[in-house]
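Some notes on the structure that comes next.
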Amino acid sequence: MEHAWDWTHEHGGVILEQLKKLGASCDWERTRFTMDEKYYDGVVDTFIDLFNKGLIYRGVRMVHWDPIAQTALSDEEVIHKEENGQLYYVRYAVADASDKWLTIATTRPETIMGDTAICVHPDDERFSHLHGKEALVPLSNRRIPIITDDYVDREFGTGCLKVTPAHDVNDYDLGKKHSLETIDIFNADGTVNAQGGTYESMDRFDARKAIVKDLESHGHMVKSEDYTNKVGRSERTDAVIEPRLSLQWFLSMKELSKPALEHVMDGTIAFHPPKFKNSYRHWMENVKDWCVSRQLWWGHRIPAWFYGEEEDAFVVAKTEAEAVEAARVKSGRSELTALDLKQDEDVMDTWFSSWLWPIQVFDGLKSEEEVSYYYPTADLVTAPEIMFFWVARMIIAGYEYRGQEPFKNVYYTGIVRDKQGRKMSKSLGNSPDPITLMEQFGADGVRVGMLLTSPAGNDLPFDEKLCEQGRNFANKIWNAFRLTQSWEVNADQPQPVSSATSILWMRSRIDEVLTDLEGQFAEFRLSEALMASYRLVWDDFCSWYLELIKPVYGQPMDPITYDATVVFFEDILKILHPFMPFQTEEIWHWIRERKSPEEALCIAPWPDAPGRDDSLLAQFEPFKQVVSEIRTMRKENQIPQKESLALHVQPGDGYPVALESALIKLCNLSELNQAEGKVANSFGFVVGTSSYFIPFGTAVDVEAEKAKIQKEMDYIEGFLKSILGKLSNERFVSSAPEQVVAMERKKQSDALAKLDILKSKMSDLG
RNA sequence: GGGCAUUUAGCUCAGUUGGUUAGAGCGCUACAUUGACAUUGUAGAGGUCACAGAUUCGAAUUCUGUAUUGCCCA
2 MEHAWDWTHE
12 HGGVILEQLK
22 KLGASCDWER
32 TRFTMDEKYY
42 DGVVDTFIDL
52 FNKGLIYRGV
62 RMVHWDPIAQ
72 TALSDEEVIH
82 KEENGQLYYV
92 RYAVADASDK
102 WLTIATTRPE
112 TIMGDTAICV
122 HPDDERFSHL
132 HGKEALVPLS
142 NRRIPIITDD
152 YVDREFGTGC
162 LKVTPAHDVN
172 DYDLGKKHSL
182 ETIDIFNADG
192 TVNAQGGTYE
202 SMDRFDARKA
212 IVKDLESHGH
222 MVKSEDYTNK
232 VGRSERTDAV
242 IEPRLSLQWF
252 LSMKELSKPA
262 LEHVMDGTIA
272 FHPPKFKNSY
282 RHWMENVKDW
292 CVSRQLWWGH
302 RIPAWFYGEE
312 EDAFVVAKTE
322 AEAVEAARVK
332 SGRSELTALD
342 LKQDEDVMDT
352 WFSSWLWPIQ
362 VFDGLKSEEE
372 VSYYYPTADL
382 VTAPEIMFFW
392 VARMIIAGYE
402 YRGQEPFKNV
412 YYTGIVRDKQ
422 GRKMSKSLGN
432 SPDPITLMEQ
442 FGADGVRVGM
452 LLTSPAGNDL
462 PFDEKLCEQG
472 RNFANKIWNA
482 FRLTQSWEVN
492 ADQPQPVSSA
502 TSILWMRSRI
512 DEVLTDLEGQ
522 FAEFRLSEAL
532 MASYRLVWDD
542 FCSWYLELIK
552 PVYGQPMDPI
562 TYDATVVFFE
572 DILKILHPFM
582 PFQTEEIWHW
592 IRERKSPEEA
602 LCIAPWPDAP
612 GRDDSLLAQF
622 EPFKQVVSEI
632 RTMRKENQIP
642 QKESLALHVQ
652 PGDGYPVALE
662 SALIKLCNLS
672 ELNQAEGKVA
682 NSFGFVVGTS
692 SYFIPFGTAV
702 DVEAEKAKIQ
712 KEMDYIEGFL
722 KSILGKLSNE
732 RFVSSAPEQV
742 VAMERKKQSD
752 ALAKLDILKS
762 KMSDLG
């Protein structure tokens, strides 16, 4: 017991430390553990309460027995998998009829010692002569009845089924229905007991081999064939599950779960992503009683005391003293003392304490003080694999004990898998050590890496590369900060027009992204929100904005632009803070003097949307294309950035006139003119319906230029063809909405205009 | 066997009510380097939207069937 507590404190502590290092923002003064005395107290009360309400009962049930751990498992802890085995055909003699046989097919010949009937389909004519007769169990010659039930699948095996109520769930139900005897032939550890005769004390799989051999030598084995069937194994020990009759404690779920189903379906509790509502509903509509007892020595003991051998000679009470009282009353034996009582050895399923979490973490079963303030909570973040173990049951407990939902949203994260797609687990040892990862990539880097691949409800294929990407991003931010710090600000420096325009644009972009983020956070699309922020910072802020306002080397910066840039940086830090709390907080304190802890970024308000200029945002796209064209041209013709160029333009629709000064700055243009006609001896390109010309300063690769133009013409011609296909289709023109048709016509005329420009360029090049 | 999902670029994923020749990040390829950042920059290649049918002027998107992978239940 002491060892268990040591383990708990050590590993619980490690997990908390890892969370702190990762920057989880929690109230670390108030951690709770379900074994804490106060918490435990509420769990016991709940058990007693549900027992008194008549919802907890004790019953013989077929449970999934793990012979290695020697414990009963819940349905959810058993993993069914296809496994290769043998299907044995064994013949049983018909009693009182010499040399009459019937043959059954079984995968588990060792259980024949526990057979208590043979079952055939009532309408199966092959066996109608056997109705009401008896059969002899091979090797022991015990007499068992031949019964009929339409449960039997006539197509499977021989159409005869051996019934072993103690060792098969279906047989158990069949046994109950036909009042058959139940013969349990196994011990708790999976060895054969005294019922197994000569096979006693053999392991069940050894017994199988031995019995097969004996059946063969006694002429009972007709044949055997390869067969794949579903085998249940323990999630933890991998032992083959043995169905076993056992007295267990059950919680009746049918009535309890009704509000929990209803309020997920009506959206009181929202699931993210919503697709999980389907399987939740399916489970809740077919909910089975919850086996709440476990045969473990670590956990909450079941508060039940036995005072006799009879099945109902027990009481449920909170303390031993109360149990004595209750036992005296129930049994009518006033002489009973604590010595006559024996507390149930079983403990409660751990989920039986966890399901009270949203209430009992605030001592809510005992005191209203905190729970009435905090309950219901906002968001639960958890894994879909424990939707039934935990989420559903918390909701059930919430409605039962507070009459209200425990939380408003459930965000299901993915299961973390390694590169091979395997689930990360302690037993496989394939989970990376978070501390090592954080040392390598930084806590923020690890966070970004994880969050980048966390689309709601999908698995997280973990790859260190993603953490590397996170670290690179952190580095990028840091370098952008260093750049702003390197600027010398001179109050007399006038603000360039290009900077003023860039500020307007950047402000609009931030506004636009804030709007996107609002929607993404509302839908728990965290990786998309992160990616939108990532691109805002890397592409818009670093690659475009900072390049646009960067002063010429050695020159000072004007104060208006500088101040605006600091404000943008602060907005960006606020946006990134949920993803990268450490670095953003650090820069927050460097970028402007903050005196008190109240000014910390982690409690700063989310940025206000600064407003936007949609026309400027729209012009920025063609602007980027023009910049890109000029960069490509420089590259292809080896014209260095230092060498300035003249640009002539024939503006068409969407020409980014507001960004002309930005274009001059970014592309190092010596002049930007509106050209009247064609510009002879020039390199050219088309963006939208505007054409641009750069007179040759140096030699241009004419052939490469022509190939490029040809490629673009091919594309446009293909594009035109597809539009023409639509427009020449009379039914399209008559059926499609006017707007759509108009759009197609516009596309057509734009494409034709562009094609003309390209054609004339081509002919200019000869 | 039943139910629910999934299938879009090499990888991980977006793609709202059907309407630009389907997008992003990473990866890949080529080129670039004194000036925030090679943990970088610029450019480029890369997809028969699993398959087959149906509905529609028009389908990645709707319907049917098949296959695939996964989860749940038996």
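Quick note on numbering: the first sequence equals residues 2 to 767 in this note's numbering. We put the CB at the ideal spot given by N, CA and C, even for glycine. Quick caveat, the model's predicted, so the values are computed rather than measured.
Check                                                                                                                                                                           : Outcome
Between residue 41 and the rest of its own chain, which residues show a CB-CB distance below 8 angstroms, the 5 nearest in sequence each way excluded?                          : 35, 301, 354
Hey, residue 359 and residue 404: beta-carbon distance below 8 angstroms or not?                                                                                                : no
Just the C-alpha distance for residue 397 and residue 312, rounded to the nearest angstrom, thanks.                                                                             : 30 angstroms
Starting from the Cα of residue 655, find the closest Cα among 618, 220, 63, 684 and give me that residue.                                                                      : 618
Assess contact between the segment 650-670 and the segment 687-695, defined as three or more Cβ pairs (one per stretch) separated by less than 8 angstroms. Is contact present? : yes
Which value, in whole angstroms, describes the spacing of the CA atoms of residue 347 and residue 246?                                                                          : 16 angstroms
With a threshold of 8 angstroms, are at least 3 pairs of Cβ atoms found where one atom belongs to the segment 107-118 and the other to the segment 172-188?                     : yes
How would you write the range of the alpha helix (DSSP H) that residue 63 sits in, first residue to last?                                                                       : Not the alpha helix (DSSP H): residue 63 falls in the beta strand (DSSP E), residues 57-67.
Considering only their Cβ atoms, is the gap separating residue 542 from residue 507 smaller than 8 angstroms?                                                                   : yes
Take the Cβ of residue 273 as the centre, count every other Cβ of all protein chains shown within 10 Å, and call the residue buried at 16 or more, exposed below.               : buried
Answer yes or no: do residue 293 and residue 255 have a C-beta to C-beta separation smaller than 8 angstroms?                                                                   : no
Alpha carbon to alpha carbon, how far is residue 502 from residue 563?                                                                                                          : 14 angstroms
What do you reckon, are the CB atoms on residue 208 and residue 193 nearer than 8 angstroms?                                                                                    : yes
Consult DSSP for residue 626 and reduce its assignment to one of helix, strand or coil.                                                                                         : helix
Given 8 angstroms as the limit, is there contact between the segment 57-77 and the segment 220-240, that is, 3 or more CB pairs closer than that?                               : yes
Could you name the residues that DSSP lists as bridge partners for residue 221?                                                                                                 : In DSSP, residue 221 forms no bridge with anything.
Can you give the beta carbon distance from residue 557 to residue 490, rounded, assuming they're within the 8 angstroms contact cut?                                            : 6 angstroms
Among the candidates 133, 87, 62, whose CA atom is the shortest distance from the CA of residue 95?                                                                             : 133
Helix, strand or coil for residue 257, going by three-state DSSP, please let me know.                                                                                           : coil
According to DSSP, what are the bridge partners of residue 412?                                                                                                                 : 273, 382
Whole angstroms is fine: what's the gap from residue 195's alpha carbon to residue 350's?                                                                                       : 31 angstroms
What is the rounded straight-line gap between the Cα of residue 546 and the Cα of residue 504?                                                                                  : 8 angstroms
Under a Cβ-count criterion, where at least 16 other Cβ atoms within 10 Å of its own Cβ denotes burial, should residue 248 be classed as buried or exposed?                      : exposed
Going by DSSP, name the residue or residues bridged to residue 102.                                                                                                             : 94
By Cβ distance below 8 angstroms, which residues in the same chain neighbour residue 706 in space, the five residues on each side in sequence not counted?                      : 684, 766
In terms of residue numbering, what span does the beta strand (DSSP E) encompassing residue 471 cover?                                                                          : Unbroken run through residue 471 is the alpha helix (DSSP H), 465-487; no beta strand (DSSP E).
Which same chain residues, not among the five before or five after residue 435, have their C-beta less than 6 angstroms away from its C-beta?                                   : 19
Mapping the DSSP letters down to three states, classify residue 235 as helix, strand or coil.                                                                                   : strand
What is the DSSP secondary structure of residue 296, reduced to helix, strand or coil?                                                                                          : coil
Could you say which of 32, 340, 388 lies nearest to residue 280 if we only look at CA atoms?                                                                                    : 388
Under 8 angstroms, do residue 308 and residue 332 count as touching if we go by C-beta distance?                                                                                : yes
The beta strand (DSSP E) that contains residue 146, what's its start and end?                                                                                                   : 144-149
Counting beta carbon pairs with one atom in the segment 568-580 and one in the segment 602-616, are three or more of them shorter than 8 angstroms?                             : yes
Looking only at its own chain, which residues have a Cβ that is under 8 angstroms from the Cβ of residue 695, when we skip the five neighbours before and after it?             : 631, 634, 646, 647, 648, 649, 683, 684, 685
Does the distance from the CB of residue 197 to the CB of residue 114 come in under 8 angstroms?                                                                                : yes
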